Amino acid sequence: MRKLNQTITFAALGLALGLSQAASAGPKPDQISRLSSDLTPMGSVRAGNEDGTIPEWTGGITTPPAGYEPGTHHIDPFADDQVLFRIDASNYQQYADKLGVGQKAMFERYPDTYYMNVYPTRRSASFPQRSLEMTIENGKTAELTANGEGVTGAAEGFPFPFPENAYEIMWNHKLKPKGTGGVRYNNQVAPTADGNYTFVTIREELLGLYYKEGVTVEEINNILLYFFQEVESPARLAGNILLVHETLDQTAQVRQAWIYNPGQRRVRRAPNVAYDNPGTASDGLRTNDMTDMFNGAMDRFDWELVGKQEMYVPYNSYKAHQGDVTTDDLVMAGHLNPEYMRYELHRVWVVDARLKDGMRHINSRRTFYMDEDSYQIVLIDHYDGRDQLWRFSEGHGINFYDMPTYWTTLETHYDLQSGRYVAQGFDNQYPAQTFNQDMSPAQFTPQALRTRGRR
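Quick note on numbering: numbering that gives the first Met the number 0 labels position 435 of the sequence shown as 434, and the sequence is numbered without any gaps.
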């Protein structure tokens with residue numbers, strides 16, 4: 000029998016999706032009926048696999064678990080699930096065809112402490128009905144512009160439910176429904192090789208007009224996302240503020256960013272908050288374009304859609320999300336505590352990005368693995384200038400069923416050479432992330448930044 004986990008070639012992928020290899024990317028009005036038949040409303044394959052190890056998608060989580068109260072940390076709807084098996088350094092070769100390059104490297108790098116507990120696959124991803132309806136409309140009209148750096152003819156939902164190239168896949172990730180306004184604590188640690196760390200408290204506000212009902216791409220003034228970030232602790236970093244206007248088409252207008260430094264008490268433009276410049280308080284272990292696993296312009300790389308593959312990936316990571324879990328419970332030397340991590344077998348899109356000739360970036364290549372049901376990036380392999388594997392990233396996601404959306408609750412970026420890592424999203428002891436708060440672009444101006452910084 001053909002192995003179901005093998006990478007699907009473009010020809011096989013075209014057959015599986017009922018598309019010709021020669022079909023053009025962009026709108027597919029003649030395919031729309033498939034989003035209520037063999038495909039999900041997001042464009043993923045509705046059916047499970049032949050082995051029965053991946054179930055059919057039946058709508059994801061549509062009702063919060065009993066006892067959940069909005070504004071609190073999300074109850075684990077799968078708390079009774081038992082571990083099916085454990086993958087570790089002694090047996091990972093048996094599962095190598097369902098593991099990424101970075102995952103295999105972690106078993107080699109930390110043979111005594113790193114493992115993956117594999118649970119039953121739960122296709123929990125769901126999104127607001129309005130977002131799904133708009134995804135259907137986008138399938139009729141959305142197109143790439145500016146050589147893949149922009150999108151037109153889309154609003155509110157995923158722009159490309161019938162993705163045929165890497166740019167369409169990446170835009171589905173970047174435009175995944177996240178609600179309009181929201182607040183979160185995206186707290187961060189960057190442990191030393193022996194596991195010592197300083198807890199960095201980071202409060203963030205986000206406003207995305209793309210997700211506002213009735214607004215089109217053409218009406219948002221090319222601003223995809225307004226982003227405000229303030230470091231609250233430790234004292235040496237407290238008061239540093241970052242403001243970003245994330246543009247949709249960065250060839251028409253690059254990302255605009257400003258910083259407020261409490262020592263200088265003034266606002267300055269920050270053109271370097273992009274690409275491979277270091278992320279906030281990350282000790283150089285995370286670049287700006289690794290926020291949300293990937294964000295920003297794509298123009299420095301050549302992008303290729305490799306295909307789709309069955310893989311063991313982080314999924315439904317509610318155990319690590321709970322309010323009674325502490326950072327000390329999660330942080331270990333070398334990697335996060337595997338006992339709190341959950342892995343499942345899912346189909347993922349595989350996208351490879353290679354640095355263009357003449358362009359500069361600390362990574363010569365990156366391979367992205369995206370969940371087919373949510374387009375959430377779940378794994379990334381990062382290569383250095385010698386084309387050697389350097390870093391490995393995991394996106395531990397949950398269904399924020401009060402929204403609903405499937406998004407990361409923890410993002411971890413491992414430096415396989417130094418033995419260090421940076422992880423962000425620790426809000427266990429802090430207020431839970433909120434969605435759809437009433438916010439205005441007026442709250443995200445340089446003048447507002449100056450006022451807030453001086454309070």
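Think of the CB as a built atom: it goes at the ideal place given N, C-alpha and C, for glycine as much as any other residue. From a predicted model like this one, the values you see are computed outputs, not experimental measurements.
- Here the segment 148–165 makes contact with the segment 128–137; the two share three or more CB pairs at distances below 8 angstroms.
- In terms of Cβ geometry, Arg365 and Ile379 form a close pair [threshold 9 angstroms].
- Thr450 carries a helical assignment under DSSP once its states are collapsed to helix, strand and coil.
- Using a Cβ distance threshold of 9 angstroms, Asp386 and Ala124 do not count as a contacting pair.
- The C-alpha of Ala234 lies about 50 angstroms from the C-alpha of Gly25.
- Pro40 is the residue among Asn398, Pro40 and Tyr196 whose C-alpha sits nearest the C-alpha of Gln128.
- Three or more Cβ pairs closer than 8 angstroms define a contact, and the segment 313–333 meets that threshold against the segment 193–203.
- Lys307: member of the beta strand (DSSP E) spanning Phe300 to Pro313, first to last residue.
- A direct Cα-to-Cα measurement between Val312 and Gln428 gives close to 26 angstroms.
- Here Asn48 carries a coil assignment [DSSP, helix/strand/coil].
- For Met340 and Asp426, the gap between their C-alpha atoms comes out near 16 angstroms.
- In the displayed model, Leu206 falls within a strand according to three-state DSSP.
- Distance from the CA of Arg202 to the CA of Glu231, rounded to the nearest whole angstrom, comes to 7 angstroms.
- One alpha carbon belongs to Lys307, the other to Asp351, and they sit about 12 angstroms apart.
- The three-state reading of DSSP puts Ser130 in helix, counting H, G and I together.
- Residue range Ala165 to Lys173 is occupied by the alpha helix (DSSP H) that includes Trp170.
- Listed as beta-bridge partners of Ala269 by DSSP are no residues whatsoever.
- Cα atoms of Gly283 and Asn271: separation of roughly 14 angstroms, rounded to the nearest angstrom.
- Residue range Ile222 to Ser232 is occupied by the beta strand (DSSP E) that includes Phe226, with no alpha helix (DSSP H) assigned at that position.
- Straight-line spacing of the CA atoms in Thr200 and Ile240 works out to 12 angstroms.
- Using a Cβ-Cβ distance cut-off of 8 angstroms, the segment 52–60 and the segment 287–307 are not in contact, since fewer than three pairs of beta carbons, one from each stretch, lie closer than that value.
- With respect to the C-alpha of Pro28, the residue from Tyr113, Gly152, Pro119 and Gly66 having the closest C-alpha is Gly152.
- The Cβ-Cβ distance between Tyr91 and Gln102 falls below 9 angstroms.
- Per the coordinates, the alpha-carbon of Thr444 lies some 39 angstroms from the alpha-carbon of Ser417.
- Residues of the same chain with a CB within less than 6 angstroms of the CB of His381, apart from the 5 flanking positions on each side, are Asn362, Arg365, Trp389 and Arg390 in chain order.
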